[in-house]
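Chemist: Once you've had a glance at the structure underneath, I'll fire off some questions.
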Amino acid sequence: MARQSGSKKKSAFSGLSVVASAVLLFMVALPTFITLAVGLLPSMVAFMFDRSQGRTMSRCIFGLNFSGVAPYIMEIWQQGAQTVGVATQEIFQPVALSIMYGAAGLGWLLYLAMPPIVANVLNLSAQRRVSELRKKQRGLIKTWGDSLIKEIDRSGS
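For the record, in the sequence shown the residue sitting at position 40 is 36 according to the working numbering, with numbers rising by one throughout.
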């Protein structure tokens, strides 16, 4: 039994770099860290449970979740003094949490809705291509006659 070493590809954005970034952000900008930790909670949960290749669910949810958190981070940054009190006051408002978690919910919906939509678009495209090819085939048969089909059948192709 041969041992497979190095068969798993290491990503450039490993878990260690995420932890190091979180610790650095915690030490330098605590209000921003608190806002990100509370606001990106749906993304963290999705990341923990998503085991698919490429983690497409996590990426989809994170993108929209971050777009819901970003305005509140910008508000904290635009205020002169970054304090923990201001950060907690901002993020624990019902409207703010609804926007942050609602954006993550839209990410879930997008993740669930896109595969059937893409499948339908590809199916329609393939059907259109088949009809175009059949139209060209009828034109060739009209030009060359049925003898073309008989020649192809005889050659075995």
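Using N, Cα and C, we set each Cβ at its ideal position, and we do this for glycine too.
Can you grab the Cα-Cα spacing for the pair I137 / S143, in whole Å?
Modeler: Near 8 Å, if we compare the C-alpha coordinates of S143 and I137.
Chemist: What is the C-beta distance between V65 and T31, in whole angstroms, given that I count them as a contact (C-beta under 8 Å)?
Modeler: V65 to T31, Cβ: 7 Å. Contact.
Chemist: If the criterion is Cβ atoms closer than 8 Å, does the pair A109 and P38 meet it?
Modeler: Going by C-beta atoms, A109 is not nearer than 8 Å to P38.
Chemist: Take S63 and list the residues in its own chain whose beta-carbon comes closer than 6 Å to its own, dropping the five residues that flank it on each side.
Modeler: Excluding residues within five positions, the ones whose Cβ falls inside 6 Å are A99.
Chemist: Thinking C-alpha only, which one of M40, Y68, G59 is nearest L93?
Modeler: Comparing Cα positions, the closest option is Y68.
Chemist: With distances taken Cα to Cα, identify the nearest neighbour of I95 among V34, L20, T52.
Modeler: Comparing Cα-Cα distances from I95 to each of V34, L20, T52, the minimum goes to V34.
Chemist: So, are the CB atoms of L106 and L60 less than 8 Å apart?
Modeler: Their beta carbons are under 8 Å apart, which means L106 touches L60 by this criterion.
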